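Residue numbers (the working numbering), protein chains in the order written: chain C, -14 to 287; chain R, -14 to 287.
Don't be surprised by glycine CBs; every beta carbon is placed ideally from N, CA and C.
It should be emphasised that the depicted structure is a prediction, and the values quoted were computed from it without experimental measurement.
What follows is a set of notes on a single structure, which appears directly below.
There are 2 protein chains.
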Amino acid sequence: MQSEQAFNLKVYLSEKKAIVDRALEIYLPKPEGPAYDLIRAMRYSVFAGGKRLRPILCIAGCETVGSAGADVLPVACALELIHTYSLIHDDLPVMDDDDLRRGKPTNHKVFGEATALLAGDGLLTEAFALMTRSDLLERISTDLILKVTGMIAHAAGYRGMVGGQIVDIQSEGKVMDFPVVEFIHTHKTGALITSSVASGAILGGGDESQLEAITSYGRKIGLAFQISDDILDIEGDSKTIGKNVGADEQKRKTTYPTVAGLGRSKEIQLKLVEEAIDSLRAFDYRAEPLRRVARYIIERKK
Amino acid sequence: MQSEQAFNLKVYLSEKKAIVDRALEIYLPKPEGPAYDLIRAMRYSVFAGGKRLRPILCIAGCETVGSAGADVLPVACALELIHTYSLIHDDLPVMDDDDLRRGKPTNHKVFGEATALLAGDGLLTEAFALMTRSDLLERISTDLILKVTGMIAHAAGYRGMVGGQIVDIQSEGKVMDFPVVEFIHTHKTGALITSSVASGAILGGGDESQLEAITSYGRKIGLAFQISDDILDIEGDSKTIGKNVGADEQKRKTTYPTVAGLGRSKEIQLKLVEEAIDSLRAFDYRAEPLRRVARYIIERKK
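In structure tokens, the structure reads:
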């Protein structure tokens, strides 16, 4: 645990990532039994080097309202399973057809398309098994668990992530205007990021005004995060980000830099981060991780 | 409502199907907004002529323990969404590569593979959004809703349906022994059928011994149902069942008739149905729908 004075984001992220990784190791099944290959494929992508941003946001959301982050680990990990499933399905040949993810061969490249499809299905389903485990979430009321489960399902489904994904796929190779790009970003990535930090705050017992502030923070950084992804695809280093730079342009994807220009995109991103931090003004030092994560979005190299 | 004396299964199934269809129409989103095509694809398969067996089992499970089936409609419909998602993904070219389902072109034949994949993802996710809607399930405690949600997630995921699916895919074209075929059947189809009737009984407030009896019933009819699918694939009429007869043999799928012979498969199926009905011996006339559904499995032509 770090003190208020010496907050170091790098140490914070690394400590929380280690906690999430250990929990995922415990929650995910061991590769054994008749479904051995399925479980191996599920584990492969979960342990392929994710930053654990969504779980960390969930934990930080919970700690910001003054509760113990450890209490929400099952939900935090469930969010990572949903994120991972979306990457596996996204990478499939019928979708983005990507061979490389975080510097490693994508799931279907290693296990084949059928197994990758089922590994995604398995992870999405297991996310809901995990987040409804009242035995693991014993310090949280079933009412709050149910509320959060519904909220995450909304964020992951046609109203959120899957809705953003269909519009993204349909937009490839077409000239899109600003509102469409914004729709894709806020839905495909933003919705799950927002519900990550909001779910932590709800499970931690945050009151209405706290939830409102944290949800506003989540919306801002969710969009800022996706804009930084677009910028990294232009300015980043392939080795550092673990996938091919320029992939968006190659696939003729419409991104923030395409519709707003690179300079304007950076301005929008900066403004979103400032507004996100401002949303948290009513909170004390316990919101420091969330404030620093917001700044990190602009600074990150991968 | 039918009286105890004049129970007519055909009328019962048709009445319940109409109730489920109306509820699905209300719960599913209208095709509008940017994700229009996704919603259209989701609705296409949901309204492509399913028998609504799983929702009806959920309602019947609830009514068997003496509660009102209408109270569990959101969960009943969620089960149908999970079933439908599994069919859409199952039919994809990387899986079974089927062009026809219930006499209609499969989802990817109409909407393309990317949209079909996402329609499946959207339905699976929406199922969890629906079954956690405490506003719709207002007569049921959040504890029971959470318990049922977890149980259904287990039945649909790697421990159940997806686990059965991976073994099924891996077995194609290989000579399989009886235990493997039984594993596929009990997991790929059986698990969700069992949890359909069990979830109704749990939500309806059934006690431990009632749940045990109804779960046993579910296991038996789940397996019997899949065996009847295998038998229909040999003896059925393509027009009646809405897909090509002999598809299993063509794909070199190992089925019950393959490992046990057609005659022995029918014997096993009959025994399972008798045992299922016997599991319900402690219940009164309210279990009559479940008893009759069990017998229907042997008699059905599609």
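Three-state secondary structure (DSSP) of L108 of chain R
L108 of chain R falls in the helix class under three-state DSSP.
Does L23 of chain C come out as helix, strand or coil in the three-state DSSP assignment?
Reduced to three states, the DSSP call for L23 of chain C is helix.
Can you tell me whether P90 of chain R is helix, strand or coil according to DSSP?
P90 of chain R sits in a strand when the DSSP states are folded into three classes.
For the alpha helix (DSSP H) that contains P16 of chain C, what are its first and last residues?
Where P16 of chain C is concerned, there is no enclosing alpha helix (DSSP H), because DSSP gives it neither an H nor an E.
Give me the chain C residues within the contact set of S119 of chain R, using Cβ-Cβ distance strictly less than 9 Å, ordered along the chain.
Chain C residues near S119 of chain R: D128, L131, K132, G135.
Please determine, among R:I44, R:E65, R:L64, the residue with the shortest C-alpha to C-alpha distance to D56 of chain R.
When only C-alpha atoms are compared, the closest one is R:I44.
Ignoring anything shorter than 4 residues or poking outside the stretch 123 to 209 of chain C, list the alpha helix (DSSP H) runs there in chain order.
If we require 4 residues or more, the alpha helix (DSSP H) runs fully inside the stretch 123 to 209 of chain C come out as 127 to 141, 146 to 156, 163 to 170, 176 to 188.
Assuming contact is defined by CB atoms lying nearer than 8 Å, are F168 of chain R and V152 of chain R in contact in what I supplied?
At a Cβ-Cβ threshold of 8 Å, F168 of chain R and V152 of chain R count as neighbours.
If we cut at 8 Å on Cβ distances, does A33 of chain R have a partner in chain C?
With its beta carbon at least 8 Å from every one in chain C, A33 of chain R lies outside the interface.
Going by other Cβ atoms of all chains shown within 10 Å of its Cβ, with 16 needed for buried, is D269 of chain C buried or exposed?
D269 of chain C sits exposed, since fewer than 16 C-beta atoms from the chains shown fall within 10 Å of its C-beta.
Can you pull the chain R residues whose beta carbon is under 8 Å from the beta carbon of F168 of chain C, in chain order?
Ordered by position in chain R, the residues that pass the 8 Å Cβ test against F168 of chain C are P19.
Neighbour list for A8 of chain C in chain R, Cβ cutoff strictly below 8 Å
Here the premise fails: no neighbours, minimum Cβ distance about 18 Å.
Beta carbon proximity, D22 of chain R to chain C, threshold 8 Å:
Interface residue, yes.
Per DSSP, the bridge partner or partners of L85 of chain C:
Per DSSP, C:P90.
Chain-ordered residues of the stretch 85 to 101 of chain R with a beta carbon less than 9 Å from chain C
Within the stretch 85 to 101 of chain R, the qualifying residues are H93, G97, E98, A99, T100, A101.
In chain R, which residues lie with their C-beta within 7 Å of the C-beta of L302 of chain C?
With chain C covering only -14 through 287, there is no way to say anything about residue 302 of chain C.
Same chain only: Cβ atoms within 7 Å of R285 of chain R, ignoring 5 sequence neighbours per side
Cβ neighbours of R285 of chain R beyond the five flanking positions: S213.
Let me see if you follow: with CB-CB separation under 8 Å, is Q254 of chain C close to chain R or not?
No, no contact with chain R.
Out of R:F96, R:L257, R:L115, state which residue places its alpha-carbon closest to the alpha-carbon of Y29 of chain R.
Looking only at R:F96, R:L257, R:L115, the smallest Cα-Cα distance to Y29 of chain R is reached by R:F96.
Please decide whether H68 of chain R counts as near chain C, where near means a Cβ-Cβ distance under 8 Å.
Under the 8 Å criterion on CB atoms, H68 of chain R is classed as non-interfacial with respect to chain C.
Partner residues on chain B for M80 of chain R, Cβ-Cβ distance less than 8 Å
Looking for chain B here will not work: the only protein chains present are C and R.
Count the other C-beta atoms from every protein chain shown that fall within 10 angstroms of the C-beta of Q195 of chain R, then say buried if there are 16 or more, exposed otherwise.
Q195 of chain R should be labelled buried.
For M(-14) of chain C, which residues from the same chain have a beta carbon less than 8 Å from its beta carbon, with the 5 sequence-adjacent residues on both sides left out?
Low confidence applies to M(-14) of chain C: its pLDDT is 49, below 50, so where it sits in the model is not reliable, and the reading given next is rough at best. Excluding positions up to five away in sequence, the list is empty.
Whether I283 of chain C touches Q254 of chain C by CB criterion (8 Å):
Their beta carbons are under 8 Å apart, which means I283 of chain C touches Q254 of chain C by this criterion.
CB L109 of chain C to CB T110 of chain R, shorter than 8 Å?
Yes. Within cutoff.
Under 8 Å between beta-carbons, which chain C residues line up against Q155 of chain R? List them in chain order, please.
D22, listed in chain order.
Taking the beta carbon of G246 of chain R as the centre, do at least 16 other beta carbons fall within 10 Å, making it buried, or is it exposed?
So G246 of chain R ends up on the exposed side.
CB contact flag (I11 of chain C, Y143 of chain R, <8 Å)
No; because the gap between Cβ atoms is not below 8 Å, this pair is not in contact.
Whose C-alpha, out of C:S264, C:R39, C:S126, C:V244, is nearest the C-alpha of C62 of chain C?
The option with the nearest alpha carbon to C62 of chain C is C:R39.
The stretch 197 to 205 of chain C contacting the stretch 265 to 279 of chain C, beta-carbon criterion three pairs below 8 Å:
Here the stretch 197 to 205 of chain C lies against the stretch 265 to 279 of chain C, with 3 or more beta-carbon pairs under 8 Å apart.
Show which residues of chain R have a CB atom less than 8 Å away from the CB atom of E111 of chain C.
Chain R residues near E111 of chain C: A138, G142, Y143.
Are there 16 or more other CB atoms within 10 angstroms of the CB of R37 of chain R, so buried, or fewer, so exposed?
Label assigned to R37 of chain R: buried.
Mapping DSSP to helix, strand and coil, what is G46 of chain R?
G46 of chain R: helix per DSSP, three-state reduction.
Chain R beta carbons: is any one of them nearer than 8 Å to that of D106 of chain C?
Answer yes: the Cβ-Cβ gap between D106 of chain C and chain R drops below 8 Å somewhere.
Going by the CB atoms, is the gap between A112 of chain C and L66 of chain C shorter than 8 Å?
Contact: yes.
Have a look at P14 of chain R and G248 of chain R and give me their C-alpha separation to the nearest angstrom.
Distance between the alpha carbons of P14 of chain R and G248 of chain R is about 46 Å.
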